[in-house]
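Note that UniProt numbering has the sequence shown beginning at 1, numbered continuously upward.
Positions of the beta carbon are idealized from the N, C-alpha and C atoms, including for glycine.
Nothing here was measured: the structure is a model prediction, and the numbers come from that model.
Data first, discussion second: the structure below is written as structure tokens.
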Amino acid sequence: MAHAPPSPTQSTSNQSLANNLAKGREPTLSTDVDDPSHPLYHHRRIVTDFDYGEILGEGSYSTVLIGRDKRTGKQYAIKRLDKAHIVKNNKVKYVMIERDALSRMNHPGIVKLYWTYKDNRSLYFVLDLAKNGELYTYIRRLAPFDGETTKFYAAEILLSIEHIHSRGVIHRDIKPENILLDDNLHIKVTDFGSAKIITENENAAAGDGENTSASARSFVGTAEYVSPELLRSDAVSKEADLWAFGCVIYQMLSGKSPFKAATDYLIFQKIKSLDYVMPDEFPPAAKDIVQRLLTSEPEKRFGSAATGGIAAIKEHPFFEGIDWDNIFTSTAPPL
Numbered sequence: 001m002a003h004a005p006p007s008p009t010q011s012t013s014n015q016s017l018a019n020n021l022a023k024g025r026e027p028t029l030s031t032d033v034d035d036p037s038h039p040l041y042h043h044r045r046i047v048t049d050f051d052y053g054e055i056l057g058e059g060s061y062s063t064v065l066i067g068r069d070k071r072t073g074k075q076y077a078i079k080r081l082d083k084a085h086i087v088k089n090n091k092v093k094y095v096m097i098e099r100d101a102l103s104r105m106n107h108p109g110i111v112k113l114y115w116t117y118k119d120n121r122s123l124y125f126v127l128d129l130a131k132n133g134e135l136y137t138y139i140r141r142l143a144p145f146d147g148e149t150t151k152f153y154a155a156e157i158l159l160s161i162e163h164i165h166s167r168g169v170i171h172r173d174i175k176p177e178n179i180l181l182d183d184n185l186h187i188k189v190t191d192f193g194s195a196k197i198i199t200e201n202e203n204a205a206a207g208d209g210e211n212t213s214a215s216a217r218s219f220v221g222t223a224e225y226v227s228p229e230l231l232r233s234d235a236v237s238k239e240a241d242l243w244a245f246g247c248v249i250y251q252m253l254s255g256k257s258p259f260k261a262a263t264d265y266l267i268f269q270k271i272k273s274l275d276y277v278m279p280d281e282f283p284p285a286a287k288d289i290v291q292r293l294l295t296s297e298p299e300k301r302f303g304s305a306a307t308g309g310i311a312a313i314k315e316h317p318f319f320e321g322i323d324w325d326n327i328f329t330s331t332a333p334p335l
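Here it is in structure tokens:
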């Protein structure tokens, strides 16, 4: 994953953060913040507040474990991030973005960040535990999903994307691996490490169907779900998440992503030319919504401001019968 070079101001700020982090003085990367209004200021925690158990997953600089709060017995997913790796590989900015993006969220379809804390070697994020793992696992094992199951999960994903955008964030890596399932098989969108937090001016531009300016320019995400505008101009807007949403609907109904190929280069060529096959067995409403989401121009993509926004997607016949207000308290379909 390559990132665009930061501006001189960003470089100076990030270097200062990196220096503090390396010296163990990273108040802005933990709950040791001076601003009482910050969502993570109160109810601070330390390493010894938790028992640590099974490893749920590992990345290049982080490990996710099951953690148990010693006081309450409640279990969480605890993401442990290696300080040395973060500094060495210039990941400070992305750790900060993930924390700050998660701090903005308050939605049943998005993992909640409860606390952050640190020790001499690591930073820790305490998150919702989604015991049923990734949606990707179920797609790989059970797809194609039937129409009702696909509609249910697509609706929950759409509501989560709507909330993310309403909080001034573009996720930029919507994919089945980043959609977890909780005890009741409802979704939790996770992994905001590639997110973009947009300014008020950028947010207004994105709401008008325009890209969010040069400050949102960076190549992030996963090849099979990358939007064509990113490949054309290295710019991204909220509509990029709707492109990825279309890819996920396609994948739930078919068992594979629409632009799958042997190499990233071939994937990108297929995306740029909209080279995918619409399976004959897709219901007509599914064909229509996927085709409208997988539109090359972001301003014409279903869900952009020019097409009626996310509200228009909710009105599409594909979602007929969905109770948008109560879906997260309803019974999920069996998997």
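Can you tell me the Cβ-Cβ gap for residue i and residue j, rounded? I've got them flagged as a contact below 8 Å.
| i | j | result |
| --- | --- | --- |
| residue 298 | residue 224 | Between residue 224 and residue 298 the Cβ distance is about 18 Å, and since that is not below 8 Å, they are no contact. |
| residue 132 | residue 191 | Incorrect: roughly 16 Å between the Cβ atoms, too far for contact. |
| residue 268 | residue 231 | 5 Å |
| residue 220 | residue 194 | 4 Å |
| residue 44 | residue 104 | Going by Cβ atoms, the distance from residue 44 to residue 104 rounds to 20 Å, so no, they are not a contact pair. |
| residue 61 | residue 91 | 6 Å |
Cα-Cα, which of the options is closest to residue i?
| i | options | result |
| --- | --- | --- |
| residue 79 | 53, 185 and 322 | 53 |
| residue 82 | 59, 105, 90 and 121 | 121 |
| residue 170 | 76, 50, 241 and 86 | 241 |
| residue 59 | 230, 44 and 86 | 86 |
| residue 50 | 281, 193, 264 and 124 | 124 |
| residue 188 | 228, 172, 233 and 135 | 135 |
| residue 94 | 309, 288, 197 and 237 | 197 |
| residue 101 | 330, 63, 61 and 172 | 172 |
| residue 324 | 304, 67 and 158 | 158 |
| residue 96 | 108, 113 and 106 | 113 |
| residue 332 | 107, 77, 76 and 186 | 186 |
| residue 229 | 273, 264 and 263 | 273 |
| residue 329 | 222, 262, 285 and 108 | 108 |
Any idea what DSSP makes of residue i, helix, strand or coil?
| i | result |
| --- | --- |
| residue 328 | helix |
| residue 77 | strand |
| residue 125 | strand |
| residue 49 | helix |
| residue 321 | coil |
| residue 224 | helix |
| residue 61 | coil |
| residue 102 | helix |
| residue 141 | helix |
| residue 309 | helix |
| residue 292 | helix |
| residue 151 | helix |
| residue 246 | helix |
| residue 315 | coil |
| residue 182 | coil |
| residue 241 | helix |
| residue 69 | strand |
| residue 299 | helix |
| residue 55 | strand |
| residue 281 | coil |
| residue 111 | coil |
| residue 236 | coil |
| residue 337 | Examination of residue 337 is not possible in this model, given that the chain is present from 1 through 335 alone. |
| residue 174 | coil |
| residue 198 | coil |
| residue 188 | strand |
Would you kindly work out how many angstroms separate the C-alpha atoms of residue i and residue j, rounded to a whole number?
| i | j | result |
| --- | --- | --- |
| residue 74 | residue 127 | 12 Å |
| residue 26 | residue 71 | Residue placement at residue 26 is flagged as unreliable, the pLDDT there being 45, under the threshold of 50; a coordinate-derived value is accordingly withheld. |
| residue 327 | residue 319 | 12 Å |
| residue 347 | residue 177 | In the structure displayed, the chain extends from 1 to 335; residue 347 sits before or after that span and is not available. |
| residue 271 | residue 47 | 45 Å |
| residue 291 | residue 110 | 26 Å |
| residue 98 | residue 199 | 16 Å |
| residue 317 | residue 84 | 51 Å |
| residue 287 | residue 277 | 11 Å |
| residue 226 | residue 243 | 8 Å |
| residue 119 | residue 150 | 42 Å |
| residue 147 | residue 106 | 29 Å |
| residue 275 | residue 295 | 12 Å |
| residue 175 | residue 69 | 30 Å |
| residue 130 | residue 115 | 17 Å |
| residue 282 | residue 305 | 27 Å |
| residue 308 | residue 302 | 8 Å |
| residue 56 | residue 300 | 40 Å |
| residue 289 | residue 88 | 44 Å |
| residue 321 | residue 233 | 39 Å |
| residue 266 | residue 279 | 20 Å |
| residue 179 | residue 77 | 14 Å |
| residue 334 | residue 184 | 10 Å |
| residue 63 | residue 259 | 30 Å |
For this session: Check whether the stretch 306-313 touches the stretch 156-164, taking contact to mean three or more Cβ pairs, one atom from each stretch, closer than 8 Å.
Result: Touching, yes.
Problem set entry | At least three beta-carbon pairs within less than 8 Å, the stretch 136-155 to the stretch 243-251 | These segments touch.
Problem set entry | contact_flag[the stretch 252-267, the stretch 143-151] where n(CB pairs < 8 Å) is 3 or more | Touching, per the Cβ criterion.
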